[in-house]
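Protein chains in written order, with our numbering: chain A, 1 to 180; chain B, 1 to 325; chain C, 1 to 301.
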């Protein structure tokens, strides 16, 4: 794991980690049910690979967590106890027990424990609201459970698993370097 | 000097081992340690596995049981001490004198370290704990200058460990009830400081306001670096001005004093941060490991980037320099 | 089980920096009070203040002892400097009964009768019993403990007297750094004793104007004033033997009178609290810690 590089790079960002315009356009215009379907598949697969997440979350699994990537017209609500993930356009997003807002790349890096959430908070790159105890439990649970999205999700690509993982790794490292 | 590193989760433990820790300190997932935060710490099985993994790599494990035993529920702490000893902990880090007494009696061969929470701030106090409970090492509170540490080291009959990097307690450790005054939960009793259960952030006219138990701890302008909503690092109204009454949002960094601490006879340097993510642990431990073996001139380069990971994105030498007082 | 009427009243050490004469006259008045049984005095917060009371200490102790008070001298809470270590050693080696407020004092007093102050961490009966084996005869319980904990501690150390802070701002924290000097643009080493400008402590409010804490030199205290008048019977039943009144800048002899009258059944707690507001109105009242709540809370009877 190349932790030090990525953490430093993220902190050194001069401009916000922009998502390429065509991608933003694509995400914002794809019908929500389709986005929901993709996100569902990803969510379920990732969770199956990390059952210990719930053990560490304890009773906080009952809470509803909101994730709001800046720059995209999407908001996610995760209810670990079900488990379920729901996708909304930002206007329609429901209130959650605890929520975090920040650049998508940063949210994903946080999910994988590749960056330190506290440091992102100190630098004001992330903002958090709501039940801080629940948010802390989720952060700590994620930090321990070793998500590795390219690896975890490679299975979804079937026979193309290996090339998918390589490609995804490349996208991730470019994103984390702020070059995507 | 040994590098003593924090681990709040098994993943952070592995990172600390890989990054070059000499020893790692961690705690059980309950009120027996002073980082009793949601989602953090080790089950009995995780602790056993971590200790074994550390041992296979030549890394020691210290188990922190550094809260004070709740009257009437002492068994929780006694059992934790029994389990940590049985799991093969290199040392137990203790704060409560009755728990030290229990370990010294029940597990006489178990190495006993005195936690910073015990608040032994002078040679007579240190020797009292060495004589009474056979303590082998003591973690000094962050109230002494480097010169005072050197003077103290000459008079004590145990090893000394000092905090080198990370969170900075402004108040003498183990003697602070600020959190319980506001929230009912304290470091000494529940193992929490400014507990997350009572923290709220809200937007107010472009400012981010942090609150603890309904009290405003700070107000940060749009891009102003932020800190934890810790009581002693808040901005308050005092003597007709708005100011950081006790201390700024800032972390401790004593790398400038490394050689003086070594010359003083300090045995181990402790990194604070069991509540931080594994990415932080990996970065800080590897940077300090490099700094320890670097020349004094080359040292600042190794630690400069750590400032960005720190509270308020700034660091201080704290009480290690006299002017801080 | 102790009877409420048997509760004794202790006047605690003045936590603030008062002029030497004011400090002396305060304890002279206490010596004349029929309601005060015991007095613990001395500089606990900051060794730099020592010279303010030193010229008067011996005479004050003599006067209090002659008046029949049970007198103890408290040791410093945070001992780091050589001169502080020497002062603690000297105090422990002297004739007076000493209240230990740090671990070094515990070692120096071990083997002879002494008291334990609220700055030594006693959170359970096992610790109280351990200290009793080393010579402790009375323990003043730290501020953050609840009645449930206090009961369990007392049960764990039979034969020891126990004191709780029943009046006054509570000591919450102590630091190597002086927030009081800092607030006035000074450092601790060149403080010019500005803490003497606030004989009842310096207010700390939040940025939104909420009353929050009190700074007293290197010590941080509660903004609220602990008032346990509603709880005297309960405390006695727990086995508490002494009520400590921690001096605020008000008529403390009259405060002691109110506590004595409630203890003796001459006044209801309600009446006493109403009367207390005329004596000390500088701070809101609190009793939360005793009830297992945030220390600043007020739990009505």
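C-beta: ideal position from N, C-alpha, C; glycine also.
Measure the CB-CB distance between residue i and residue j and report whether it falls below 9 Å.
{"i": "residue 193 of chain C", "j": "residue 241 of chain C", "result": "no"}
{"i": "residue 287 of chain B", "j": "residue 303 of chain B", "result": "yes"}
{"i": "residue 237 of chain B", "j": "residue 146 of chain B", "result": "no"}
{"i": "residue 113 of chain A", "j": "residue 142 of chain A", "result": "yes"}
{"i": "residue 177 of chain C", "j": "residue 319 of chain B", "result": "yes"}
{"i": "residue 197 of chain B", "j": "residue 188 of chain B", "result": "no"}
{"i": "residue 232 of chain C", "j": "residue 259 of chain C", "result": "yes"}
{"i": "residue 121 of chain C", "j": "residue 119 of chain B", "result": "yes"}
{"i": "residue 165 of chain B", "j": "residue 253 of chain B", "result": "yes"}
{"i": "residue 145 of chain A", "j": "residue 79 of chain A", "result": "no"}
{"i": "residue 132 of chain C", "j": "residue 92 of chain C", "result": "no"}
{"i": "residue 4 of chain C", "j": "residue 236 of chain C", "result": "yes"}
{"i": "residue 72 of chain A", "j": "residue 27 of chain A", "result": "yes"}
Suppose you measure from the CA of residue i to the CA of residue j; what does that come to, to the nearest Å?
{"i": "residue 223 of chain B", "j": "residue 311 of chain B", "result": "14 Å"}
{"i": "residue 47 of chain A", "j": "residue 111 of chain A", "result": "12 Å"}
{"i": "residue 21 of chain C", "j": "residue 65 of chain C", "result": "19 Å"}
{"i": "residue 12 of chain B", "j": "residue 284 of chain B", "result": "12 Å"}
{"i": "residue 184 of chain B", "j": "residue 212 of chain B", "result": "12 Å"}
{"i": "residue 69 of chain C", "j": "residue 37 of chain C", "result": "5 Å"}
{"i": "residue 82 of chain A", "j": "residue 116 of chain B", "result": "42 Å"}
{"i": "residue 302 of chain C", "j": "residue 55 of chain B", "result": "Only positions 1 to 301 of chain C appear in this structure, which leaves residue 302 of chain C out of reach."}
{"i": "residue 342 of chain B", "j": "residue 241 of chain B", "result": "Shown here, chain B extends from 1 to 325; a query on residue 342 of chain B therefore has no answer."}
{"i": "residue 243 of chain C", "j": "residue 234 of chain C", "result": "12 Å"}
{"i": "residue 89 of chain B", "j": "residue 32 of chain B", "result": "15 Å"}
{"i": "residue 324 of chain B", "j": "residue 162 of chain A", "result": "56 Å"}
{"i": "residue 152 of chain C", "j": "residue 129 of chain C", "result": "12 Å"}
{"i": "residue 3 of chain B", "j": "residue 61 of chain B", "result": "12 Å"}
{"i": "residue 170 of chain B", "j": "residue 247 of chain B", "result": "7 Å"}
{"i": "residue 164 of chain C", "j": "residue 43 of chain C", "result": "19 Å"}
{"i": "residue 300 of chain B", "j": "residue 98 of chain A", "result": "39 Å"}
{"i": "residue 150 of chain B", "j": "residue 275 of chain C", "result": "54 Å"}
{"i": "residue 93 of chain A", "j": "residue 43 of chain A", "result": "18 Å"}
Rounded to whole angstroms, how far is the Cβ of residue i from the Cβ of residue j, which I believe are closer than 8 Å?
{"i": "residue 92 of chain B", "j": "residue 63 of chain B", "result": "5 Å"}
{"i": "residue 285 of chain C", "j": "residue 250 of chain C", "result": "So it is not a contact: roughly 13 Å between Cβ atoms."}
{"i": "residue 194 of chain B", "j": "residue 229 of chain B", "result": "6 Å"}
{"i": "residue 122 of chain A", "j": "residue 128 of chain A", "result": "Between residue 128 of chain A and residue 122 of chain A the Cβ distance is about 12 Å, and since that is not below 8 Å, they are no contact."}
{"i": "residue 101 of chain C", "j": "residue 111 of chain C", "result": "Actually they are not in contact, since the Cβ atoms of residue 101 of chain C and residue 111 of chain C sit about 18 Å apart, beyond 8 Å."}
{"i": "residue 17 of chain C", "j": "residue 49 of chain C", "result": "5 Å"}
{"i": "residue 69 of chain B", "j": "residue 99 of chain B", "result": "6 Å"}
{"i": "residue 301 of chain C", "j": "residue 269 of chain C", "result": "6 Å"}
{"i": "residue 96 of chain B", "j": "residue 123 of chain C", "result": "7 Å"}
Is any beta-carbon of chain C found at less than 9 Å from that of residue i?
{"i": "residue 74 of chain B", "result": "yes"}
{"i": "residue 183 of chain B", "result": "yes"}
{"i": "residue 323 of chain B", "result": "yes"}
Would you say residue i faces chain B, with C-beta separation under 9 Å as the test?
{"i": "residue 156 of chain C", "result": "yes"}
{"i": "residue 246 of chain C", "result": "no"}
{"i": "residue 65 of chain C", "result": "no"}
{"i": "residue 169 of chain A", "result": "no"}
{"i": "residue 28 of chain A", "result": "no"}
{"i": "residue 90 of chain C", "result": "no"}
{"i": "residue 106 of chain A", "result": "no"}
{"i": "residue 82 of chain C", "result": "yes"}
{"i": "residue 111 of chain A", "result": "no"}
{"i": "residue 124 of chain C", "result": "yes"}
{"i": "residue 144 of chain A", "result": "yes"}
{"i": "residue 129 of chain A", "result": "yes"}
{"i": "residue 119 of chain A", "result": "yes"}
{"i": "residue 123 of chain A", "result": "yes"}
{"i": "residue 78 of chain A", "result": "no"}
{"i": "residue 137 of chain A", "result": "yes"}
Would residue i count as contacting chain A if we go by Cβ distances under 9 Å?
{"i": "residue 48 of chain B", "result": "no"}
{"i": "residue 220 of chain B", "result": "yes"}
{"i": "residue 223 of chain B", "result": "yes"}
{"i": "residue 280 of chain B", "result": "yes"}
{"i": "residue 301 of chain B", "result": "no"}
Segments of 4+ residues assigned as alpha helix (DSSP H) that fall wholly inside the segment 167-191 of chain B:
Counting whole runs of 4 or more residues, the segment 167-191 of chain B contains the alpha helix (DSSP H) stretches 178-183, 187-190.
Length at least 3, wholly inside the segment 41-68 of chain B: the beta strand (DSSP E) runs in chain order
Within the segment 41-68 of chain B, the complete beta strand (DSSP E) runs of at least 3 residues are 60-65.
Which full runs of the beta strand (DSSP E) of 3+ residues lie inside the segment 204-239 of chain B, going along the chain?
For the segment 204-239 of chain B, whole beta strand (DSSP E) runs of length 3 or above, ordered along the chain, are 207-212, 215-220, 235-238.
Taking the runs of the alpha helix (DSSP H) that are 4 residues or longer, which of them lie wholly in the segment 212-263 of chain C?
Entirely contained in the segment 212-263 of chain C, the alpha helix (DSSP H) runs reaching 4 residues are, in chain order, 232-238, 252-263.
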